[in-house]
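Numbering of the sequence shown is given in this note's numbering, commencing with residue 2 and proceeding in unit increments.
What follows is a set of notes on a single structure, which appears directly below.
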Amino acid sequence: MMNVANRGCIRRLSRKALAAARTRNIVAVLAIALTSILFTSLFTIAAALSASTEQYNFRIAGGDVHASVKNITWEQVEELRGDPALAHAGARLFLGYPTDPPFNKTHVEVSYMEPEEAPHYFCTPTTGALPAEGTDEAACDKLVLDLLGVEARIGAQFTLDFSIDSETGQPTRVSRTFTLSGWWEHDPVSTASQVLIARSAAEEIAALSNGDPATPTGKWTLGVMFRSSAHIADDLDALLERHGMQTTDPAAGGYVDSGVNWGYTGAQMAGSGDVQTVVILAAVLVLILITGYLIIYNVFQISVANDIRFYGLLKTIGTTARQLRRILLYQALWLSLAGIPLGLVLGYAAGNLLLPFCVGAVNPDLRVLVRFEPRAFAAAAAFSLFTVLLSCARPVRLAGRVSPVEALCYTEASPRRLRAQKRRAAGGKGFLPAMAWANLGRSRGRTAVTVLSLALAVVLLELTWTFTSGFDMEKYLRDRAAADYILASGDYFQSNYRFAENILPEQAVADVQAQGTVTEGGRVYGSVTTIWDAVDESWYREAWTDAYAANGQLELLEEQIATRPRSDDGKLYTPIELYGMEDFPRSRLTVIDGDLAPLADPAQNAIAAVYTTDDYDNVQPGSAWARVGDTVTLRYVQATEAYYTDTGETIPDDADWALVEASGRPYSMRATEYRDVTYTVCAAVTVPSTLSFRYVGGDQFLLNGDRFVQDTGTAATMCYAFNTTAESNAAMEDYLQEYTGSIDPTLDYESKQGYAAEFEGLRGMFTVVGCALAFVIGLVGVLNFLNAILTGIITRRREFAVLQAVGMTGRQLKTMLIFEGLGYTLLALLLALAVSAAAGPLAGPAVEKLFWFFTYRFTAAPLLALLPVFLLLGCVVPLASYRAAARQTVVERLRAAD
Numbered sequence: 002m003m004n005v006a007n008r009g010c011i012r013r014l015s016r017k018a019l020a021a022a023r024t025r026n027i028v029a030v031l032a033i034a035l036t037s038i039l040f041t042s043l044f045t046i047a048a049a050l051s052a053s054t055e056q057y058n059f060r061i062a063g064g065d066v067h068a069s070v071k072n073i074t075w076e077q078v079e080e081l082r083g084d085p086a087l088a089h090a091g092a093r094l095f096l097g098y099p100t101d102p103p104f105n106k107t108h109v110e111v112s113y114m115e116p117e118e119a120p121h122y123f124c125t126p127t128t129g130a131l132p133a134e135g136t137d138e139a140a141c142d143k144l145v146l147d148l149l150g151v152e153a154r155i156g157a158q159f160t161l162d163f164s165i166d167s168e169t170g171q172p173t174r175v176s177r178t179f180t181l182s183g184w185w186e187h188d189p190v191s192t193a194s195q196v197l198i199a200r201s202a203a204e205e206i207a208a209l210s211n212g213d214p215a216t217p218t219g220k221w222t223l224g225v226m227f228r229s230s231a232h233i234a235d236d237l238d239a240l241l242e243r244h245g246m247q248t249t250d251p252a253a254g255g256y257v258d259s260g261v262n263w264g265y266t267g268a269q270m271a272g273s274g275d276v277q278t279v280v281i282l283a284a285v286l287v288l289i290l291i292t293g294y295l296i297i298y299n300v301f302q303i304s305v306a307n308d309i310r311f312y313g314l315l316k317t318i319g320t321t322a323r324q325l326r327r328i329l330l331y332q333a334l335w336l337s338l339a340g341i342p343l344g345l346v347l348g349y350a351a352g353n354l355l356l357p358f359c360v361g362a363v364n365p366d367l368r369v370l371v372r373f374e375p376r377a378f379a380a381a382a383a384f385s386l387f388t389v390l391l392s393c394a395r396p397v398r399l400a401g402r403v404s405p406v407e408a409l410c411y412t413e414a415s416p417r418r419l420r421a422q423k424r425r426a427a428g429g430k431g432f433l434p435a436m437a438w439a440n441l442g443r444s445r446g447r448t449a450v451t452v453l454s455l456a457l458a459v460v461l462l463e464l465t466w467t468f469t470s471g472f473d474m475e476k477y478l479r480d481r482a483a484a485d486y487i488l489a490s491g492d493y494f495q496s497n498y499r500f501a502e503n504i505l506p507e508q509a510v511a512d513v514q515a516q517g518t519v520t521e522g523g524r525v526y527g528s529v530t531t532i533w534d535a536v537d538e539s540w541y542r543e544a545w546t547d548a549y550a551a552n553g554q555l556e557l558l559e560e561q562i563a564t565r566p567r568s569d570d571g572k573l574y575t576p577i578e579l580y581g582m583e584d585f586p587r588s589r590l591t592v593i594d595g596d597l598a599p600l601a602d603p604a605q606n607a608i609a610a611v612y613t614t615d616d617y618d619n620v621q622p623g624s625a626w627a628r629v630g631d632t633v634t635l636r637y638v639q640a641t642e643a644y645y646t647d648t649g650e651t652i653p654d655d656a657d658w659a660l661v662e663a664s665g666r667p668y669s670m671r672a673t674e675y676r677d678v679t680y681t682v683c684a685a686v687t688v689p690s691t692l693s694f695r696y697v698g699g700d701q702f703l704l705n706g707d708r709f710v711q712d713t714g715t716a717a718t719m720c721y722a723f724n725t726t727a728e729s730n731a732a733m734e735d736y737l738q739e740y741t742g743s744i745d746p747t748l749d750y751e752s753k754q755g756y757a758a759e760f761e762g763l764r765g766m767f768t769v770v771g772c773a774l775a776f777v778i779g780l781v782g783v784l785n786f787l788n789a790i791l792t793g794i795i796t797r798r799r800e801f802a803v804l805q806a807v808g809m810t811g812r813q814l815k816t817m818l819i820f821e822g823l824g825y826t827l828l829a830l831l832l833a834l835a836v837s838a839a840a841g842p843l844a845g846p847a848v849e850k851l852f853w854f855f856t857y858r859f860t861a862a863p864l865l866a867l868l869p870v871f872l873l874l875g876c877v878v879p880l881a882s883y884r885a886a887a888r889q890t891v892v893e894r895l896r897a898a899d
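Have a look at this one:
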């Protein structure tokens, strides 16, 4: 053909051909719209879930600032907030928190916060206003008022007792009366309530601080917002570097403490190098891409196969392969112009309808944030168009390559293949299954696409079932719930807990045991007296360098090493934390090495060394120095005295400590009355966090409960862990609620039921998401199956008429079609079984690394459950399609034109 300006002609020809195939157009538009619905609903739900989850994370974290620079001076605040890279910078002056009832079960912080910073901490009064400067006003959430029994009324006065310098071990109690200026509703997922006071009042209280470098009292925290949340950690490092500060090396100059808000998804991914999250998101996109490709490709492949003679005729009159491809691409674009907008609208509506269910499945505490996200629409449209163009690429190439002669004689299988299939299918009792199998091979591409689309849904369902059934509740509860119930002081479950001040009364233990439903239980004792352990200087320095450096106290660490009392062999005496456990809690320990049996033998001086673990239950080898077989000598100190370390001179008890400090002479404490007991380490163990001290201190060791009481001379119970019968769980829950609510409000408890519900919620989330994806992809597979069967029957009507004309009965024809349908479905199940069996063992270990409570177990239960469904599908769809397509008589079908 001559190179002439015929683009307009090609476009008109494309439109005319498009208009002549209305049924095909409807199917294609629906297929494109379905793909667009999948992408749009995915992006809509993903964007809303991401926003809702981020907001939820912010609520837990206590704020939505990108990062915080902590424990700095006002001069450093002023210097940093002037940096042009910051979009926002707001400061907070921390004071302290109340710990006595009624706040022993609730974490409350007292501070001053700049007005522009308060909204970022979700501290915007819904009634009233923030405190005015120079007044005794205070604003807080309603929970604080409820605990104090104060009416939520502007101008109401309330007295708050709280502690400052608690982290130094020498807290100062402060009592102030405030006038209520405003309040807001309490957020149940927030980890802390806030009481905000005026700056002048805060600075007056901060002046009471003892000035210890470890105290956060009287120090400023600067919350910063950058222009983008994509690279918060990098932006924070750059900000600090520009001002001569750094947050990476505590031992180097210019170190400041800082933190990146983990609530930002981008910060999580960038900060942790979360390749797995990126892979999962990419996998979902690829999954939908494949799903859309399978259905749209099938539609275009069948359309081109049906119209191949038309394209051959066009070639006979001079149409080039390039022009044919352009005709089909124009048709694809016209169909996309109709299908994609429809899919965008329906997908957005479907996404918003499904969003509350998805949010509820993911986390009932999430707040649904419905918003129009233009980027989600643009991404969905782009992915949908890409899928369409990708799907029609091969059919377009097929139409462009075919010659006019081949097009006029075109069938879906090569003559050689057909002859071989006819020879295999001819005669015999099994000729109908053989013919059905031969027909599946006539268009191997169509068969492969249909089988693959069906198998994909089955594989996804199988992997979802394997994944969720692999969630091991025992593993999940092993650390989180060491017993059915744990009863302790209310502070035991708070972040500011210190055991020595919060001992569980023995009466509470007796009251629980008196209920008569405790099947097994035991006390966990904790040391409340001074107990020392002698350690190597190198070990002490290595263990404490990071902690001291984080507060800029490396010089203090060296001073501590130089002035600490030492044993005769030159080791440093350091305070330890000692557990005493009765039989039941001791059975909940994880033994890393050795044996716990010697602990129960009074004749053996046995002790266990306690190690800590990370979030994935991996033991941290450097968390303890003692190994099995080592000898440990503990010094139980009854009395101490202060002395100057340079001369050994004793400092009198009535000495003026202001003068001692002013002298500049180094001093320390030494034991004057003590008892040394030598033990042999029989085991290295980890303690479940629910039975532990719940804070990081010195080295930890563990004794049998009776031996602990004997050697320490104390019986201070930290918590009481116990199990009950399954039938009495509900009654015990009600009893403990009443007991800790009214009989002894200073106590609180944890129950396994709460953690079990949390576990089921997590498993339910993955089940809902996985089954929803499997359902959608299964729907696409069924549509592909229906499309393949129906189109095959329609295009082979004359062939069926010829078979019936030469003697094949209608029953035989239907049986052959049923065998074809069963061939599709059974092939899909076999392929799914093979892929699942191969992918499971490969993916299982990777998932176990991601989810520490996952245990891989292969199961074919979903495949067996789907077998009758697929058998029914393989029978019903071909019969229904044949009945709809064979309403004409045999003669009418024989006379029908090609």
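Note that beta-carbon positions come from the ideal geometry of N, C-alpha and C, so glycine has one too.
Please name the residue in the options whose C-alpha comes closest to that of residue i.
{"i": "Ala835", "options": "Lys815, Phe859 and Ile819", "result": "Phe859"}
{"i": "Ser191", "options": "Thr810, Ile790, Phe59 and Phe694", "result": "Phe59"}
{"i": "Leu356", "options": "Phe702, Phe820 and Ser42", "result": "Ser42"}
{"i": "Glu168", "options": "Ala140, Asp213 and Glu205", "result": "Asp213"}
{"i": "Phe854", "options": "Gln247, Asp657, Gly293 and Gly471", "result": "Gly471"}
{"i": "Ala731", "options": "Ile198, Ser752 and Met719", "result": "Ser752"}
{"i": "Met226", "options": "Val287, Ala86 and Tyr312", "result": "Ala86"}
{"i": "Ile532", "options": "Leu635, Val70, Ala379 and Gln247", "result": "Leu635"}
{"i": "Leu433", "options": "Gly822, Leu873 and Gly9", "result": "Gly822"}
{"i": "Arg8", "options": "Gln324, Ser693 and Leu455", "result": "Gln324"}
{"i": "Thr530", "options": "Ser259, Pro172 and Pro576", "result": "Pro576"}
{"i": "Gly97", "options": "Phe776, Arg174 and Gln605", "result": "Arg174"}
{"i": "Leu832", "options": "Gly808, Ser454 and Val592", "result": "Ser454"}
{"i": "Trp658", "options": "Thr648, Arg671, Tyr644 and Gly649", "result": "Tyr644"}
{"i": "Ser528", "options": "Ile819, Glu205, Gly245 and Asp712", "result": "Asp712"}
Excluding five sequence neighbours on each side, which residues of the same chain lie with their C-beta closer than 6 Å to the C-beta of residue i?
{"i": "Thr469", "result": "Arg764, Phe767 and Thr768"}
{"i": "Leu457", "result": "Ile778"}
{"i": "Gly267", "result": "For Gly267, the predicted structure reports a pLDDT of 48, less than 50, and the residue's modelled location is therefore unreliable. The matter cannot be settled from this model."}
{"i": "Val510", "result": "Tyr721"}
{"i": "Pro863", "result": "Leu462, Glu463 and Trp466"}
{"i": "Asp275", "result": "For Asp275, the predicted structure reports a pLDDT of 45, less than 50, and the residue's modelled location is therefore unreliable. A value from the coordinates is still provided. Counting only Cβ-Cβ distances below 6 Å, and skipping sequence neighbours, we find nothing."}
State the start and end residues of the unbroken beta strand (DSSP E) segment that holds residue i.
{"i": "Ile73", "result": "Ala68 to Ile73"}
{"i": "Glu751", "result": "Leu748 to Ser752"}
Since residue i is in the alpha helix (DSSP H), which residue starts that stretch and which ends it?
{"i": "Trp1", "result": "Residue 1 lies beyond the range of the chain shown here (2 to 899); nothing can be said about it."}
{"i": "Cys683", "result": "Taken as a continuous stretch (DSSP letters only), Cys683 belongs to no alpha helix (DSSP H), being part of the beta strand (DSSP E) at Tyr668 to Thr687."}
Less than 7 Å between C-beta atoms, sequence neighbours within five positions excluded: which residues of the same chain meet that for residue i?
{"i": "Leu19", "result": "Asn26, Gln332 and Trp335"}
{"i": "Leu814", "result": "Phe801, Leu804 and Gln805"}
{"i": "Ser568", "result": "Ala535 and Tyr574"}
{"i": "Leu14", "result": "Ile328"}
{"i": "Gly352", "result": "Thr41, Ser42, Thr45 and Ile46"}
{"i": "Asp584", "result": "Gly523"}
{"i": "Gln247", "result": "Leu241, Ala253, Gly255 and Tyr256"}
Since residue i and residue j should fall inside the 8 Å C-beta cutoff, what is the C-beta to C-beta distance between them, to a whole number of angstroms?
{"i": "Gly129", "j": "Ile155", "result": "5 Å"}
{"i": "Asp749", "j": "Phe494", "result": "5 Å"}
{"i": "Val848", "j": "Tyr857", "result": "7 Å"}
{"i": "Val389", "j": "Ser304", "result": "Between Ser304 and Val389 the Cβ distance is about 13 Å, and since that is not below 8 Å, they are no contact."}
{"i": "Leu148", "j": "Thr107", "result": "6 Å"}
{"i": "Pro689", "j": "Arg589", "result": "6 Å"}
{"i": "Ala625", "j": "Asp700", "result": "6 Å"}
Quiz item: For the stretch 285-301 against the stretch 393-403, are there 3 or more C-beta pairs whose distance is under 8 Å?
Solution: yes
Practice problem: Please confirm if the stretch 257-265 is in contact with the stretch 88-101, defined as three or more CB-CB distances below 8 Å between the two stretches. | Solution: no
Exercise. Assess, as a yes-or-no matter, whether the stretch 526-543 is touched by the stretch 598-610 under the definition of 3 or more beta carbon pairs within less than 8 Å.
Key: no
Quiz item: Per the contact definition of three or more C-beta pairs closer than 8 Å, is the stretch 682-694 in contact with the stretch 552-565?
Solution: no
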